[in-house]
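Working notes, beginning with the structure itself.
Residue numbers (my numbering): 1245 to 1613.
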């Protein structure tokens, strides 16, 4: 295997490791790191950003490698940090460990680093290779990048449609399931990879969802549950409110009725008023508020109104459409996808990245260009 191929292979492993931190590393980026011996072709140690953002991936890999890090190569998906925060700079830890070479996916746009980490490594005589699998590294770190450059988190939208492409509403506080249990389990995995999940107050009233991750072993990965509400009309007996002391619930509003606010806060809900007097909270203002609280990735669920609102604002980075089996309807496959996008995500500029079968259902994964 050539050095170039070895670099691509090792960075691919680092990218998979970075995924372990998605939904678990905020407010820090989810980063993956691998220490390897190029001459012998051996993977020495792995690391990824730990829960809550620390330790960082690089220092975790160095700790696991021990003395074997000296003279080896580090593969890291995002430029090592150069600033002092709760921990010293990763660039300094790399220098102290005696690593010979560092391969970087992409530079970090955070002004506290922004090329300074690479410059510090090179000044210490460490060879640095940049842009190794850069496009994939950019996608992996996009939540962090957007939070720094656009003051918003990464936005994913999950849609659940029946075989005819419809989105039936729940009623009497009960959802209408249109996809299989396997597809719904995949939806729970998407929740585990998000820092926050967003719905509108109408969904809370219609479906009475819990919005937690209920996959075995991943219960602690449930995201913050965010409700956008114009009037704070969130039922106190809803599952969200009843479990607010177990998994955080934030209600974002443009106005704040004092009586309703007090009732929600007494139940453990945090009410966040944008203070603009607009009633219905705006999409961009809500995202800016969440980014300011350290949220890097959100998953928008809910129903058509909130899907369209986020799409029309131009902030959707990814959409996952779960479509149930066509019971009594002819499946149109990919040829029907443009019509689904036009109807449910109007104005979005998403390209199809993957199509997969999940049990009897189909899942379309679309990403921004």
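A virtual CB, placed ideally from N, CA and C, is assigned to each residue, including glycine. Remember, predicted model here, so these are calculated numbers, not experimental data.
{"query": "Contact under 8 Å by Cβ, residue 1229 with residue 1422", "result": "Beyond the ends of the chain as shown, which are 1245 and 1613, falls residue 1229; an answer cannot be given."}
{"query": "Cα-Cα separation between residue 1260 and residue 1317, rounded to whole angstroms", "result": "18 Å"}
{"query": "Under the three-state DSSP convention, the category residue 1593 falls into", "result": "coil"}
{"query": "Contact check, residue 1330 vs residue 1309, beta carbons under 8 Å", "result": "no"}
{"query": "Chain-order list of residues whose beta-carbon lies under 7 Å from that of residue 1256 (same chain, five-residue window excluded)", "result": "1377"}
{"query": "Helix, strand or coil at residue 1425 [DSSP, three-state]", "result": "helix"}
{"query": "Where residue 1257 sits in the DSSP three-state scheme", "result": "helix"}
{"query": "Simplified DSSP assignment, three categories, for residue 1390", "result": "helix"}
{"query": "Alpha-carbon to alpha-carbon, residue 1490 and residue 1332", "result": "33 Å"}
{"query": "Contacting residues, own chain, Cβ-Cβ under 8 Å from residue 1382 (five flanking each side not counted)", "result": "1349, 1350, 1389"}
{"query": "Sub-8 Å separation of residue 1534 and residue 1470 beta-carbons", "result": "yes"}
{"query": "Burial state of residue 1285 (16 or more Cβ within 10 Å)", "result": "exposed"}
{"query": "Cβ shell of residue 1456 (< 6 Å), same chain only, five flanking positions each side left out", "result": "1466, 1491"}
{"query": "Enclosing beta strand (DSSP E) for residue 1541 [first to last residue]", "result": "1541 to 1544"}
{"query": "Whole beta strand (DSSP E) elements within the region 1271 to 1342, 3-residue minimum", "result": "1276 to 1281, 1286 to 1292, 1317 to 1322"}
{"query": "Those runs of the alpha helix (DSSP H) which lie wholly inside the region 1469 to 1557 and span at least 4 residues", "result": "1483 to 1486, 1502 to 1510, 1527 to 1536, 1548 to 1557"}
{"query": "Residues sharing a beta bridge with residue 1444, DSSP", "result": "1472"}
{"query": "Closest Cα partner of residue 1368 within the set 1346, 1356, 1355, 1357", "result": "1346"}
{"query": "Expected contact under 8 Å - CB spacing of residue 1326 and residue 1361 to nearest Å", "result": "4 Å"}
{"query": "Beta-carbon proximity check, residue 1293 vs residue 1313, cutoff 8 Å", "result": "no"}
{"query": "DSSP three-state assignment for residue 1379, whether helix, strand or coil", "result": "helix"}
{"query": "For residue 1364, the first and last residue of its enclosing beta strand (DSSP E)", "result": "Here residue 1364 belongs to no beta strand (DSSP E); instead the alpha helix (DSSP H) covers 1360 to 1367."}
{"query": "Selected residue, minimal CA-CA separation from residue 1251, among 1267, 1283, 1274", "result": "1283"}
{"query": "Residue 1485 vs residue 1511 beta-carbon contact at 8 Å", "result": "yes"}
{"query": "Residue 1345, enclosing beta strand (DSSP E) - first and last residue", "result": "1345 to 1350"}
{"query": "Cross-strand partners of residue 1433 (DSSP beta bridge)", "result": "Per DSSP, none; premise fails for residue 1433."}
{"query": "Assigned exposure category for residue 1573 - 16 Cβ within 10 Å defines buried", "result": "With a pLDDT of 41 at residue 1573, under the threshold of 50, the modelled position of this residue cannot be trusted, and the question is left open."}
{"query": "Beta-carbon spacing of residue 1402, residue 1564 below 8 Å", "result": "yes"}
{"query": "Segment contact flag, the region 1438 to 1454 with the region 1545 to 1552, C-beta cutoff 8 Å, min 3 pairs", "result": "yes"}
{"query": "Straight-line Cα distance separating residue 1262 from residue 1300", "result": "11 Å"}
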